[in-house]
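Asker: Have a look at this one.
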Amino acid sequence: MLDQDASSAKTLTFVAVILQIVFLALGIFVVLVFTATSASFNAVSIGPNGTVNSTSRMIQTSFPFLTILILVPITIFGLLWVFLDYFLIYRKLSSEKVAEASTPALVLGILQLIFGGLIPGILLIVAYVKIRDSINRAINQQPSALK
0 MLDQDASSAK
10 TLTFVAVILQ
20 IVFLALGIFV
30 VLVFTATSAS
40 FNAVSIGPNG
50 TVNSTSRMIQ
60 TSFPFLTILI
70 LVPITIFGLL
80 WVFLDYFLIY
90 RKLSSEKVAE
100 ASTPALVLGI
110 LQLIFGGLIP
120 GILLIVAYVK
130 IRDSINRAIN
140 QQPSALK
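The opening position of the sequence shown corresponds to residue 0 in numbering that gives the first Met the number 0, with each subsequent residue numbered one higher.
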């Protein structure tokens, strides 16, 4: 059974994973809505002899492609964070392997702070602190062989 600190770390990791899923879904929704509304945008330019040129055909064919070209790697990157957090931290805490979740919590927390996952990154760093507190408490409660 997990102690209070390890249980708190597990909850913080779960909240970080849920927030990442929500942010990922919200981001995909916003980009898709933006793509759908912008795909019908008509760009008008004035030609060299004063004629009006409409470039709506080019925008309609290239803009969704470019958006998808950008959206797919970002989505894969976001899903990678979710899977790494879940499998490297949350599952280890669920199976009571608290010490094994310490380093991934710190590394993934710092990486997520750097690469834009501010709130999940902070939650994972706080989870790391809770994991370390749990480990230190377990070490201090063990009877010493020297006593």
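Ideal Cβ placement from N, Cα and C applies to all residues, glycine included.
Remember, it's a predicted structure, so these values are computed and weren't measured experimentally.
The alpha helix (DSSP H) spanning Gly116 covers which residue range?
Answerer: Careful: Gly116 lies outside any alpha helix (DSSP H) and carries neither H nor E.
Asker: Can you find at least 3 beta carbon pairs, one from the segment 127-134 and one from the segment 86-101, that sit closer than 8 Å?
Answerer: With a cut-off of 8 Å, the segment 86-101 and the segment 127-134 count as touching, because enough Cβ pairs lie within range.
Asker: Determine the burial state of Ala98: buried for a count of at least 16 other Cβ atoms within 10 Å of its Cβ, exposed for fewer.
Answerer: Exposed: under 16 other Cβ atoms inside 10 Å.
Asker: Ile73: which of Phe13, Val14, Gly26 and Pro119 sits nearest, CA to CA?
Answerer: Closest by alpha carbon: Gly26.
Asker: Alpha carbon to alpha carbon, what distance is there between Leu65 and Met57?
Answerer: Interpretation of Met57 is limited by its pLDDT of 48, a score under 50 that renders its predicted location unreliable; no figure is taken from the coordinates.
Asker: So, at 8 Å on beta carbons, what are the nonlocal neighbours of Asp4 in its own chain, with the 5 sequence-adjacent residues on each side left out?
Answerer: Closer than 8 Å at the Cβ level, and outside the excluded window around Asp4, lie Lys129, Ile130, Asp132, Ser133 and Arg136.
Asker: On the premise that Val29 lies in contact with Leu122, defined as a C-beta separation below 8 Å, what is that separation, rounded to the nearest angstrom?
Answerer: About 23 Å separates the two Cβ atoms, so there is no contact after all.
Asker: I need the straight-line Cα distance from Ala35 to Ile67, nearest angstrom please.
Answerer: If you take the alpha carbons of Ala35 and Ile67, they lie about 11 Å apart.
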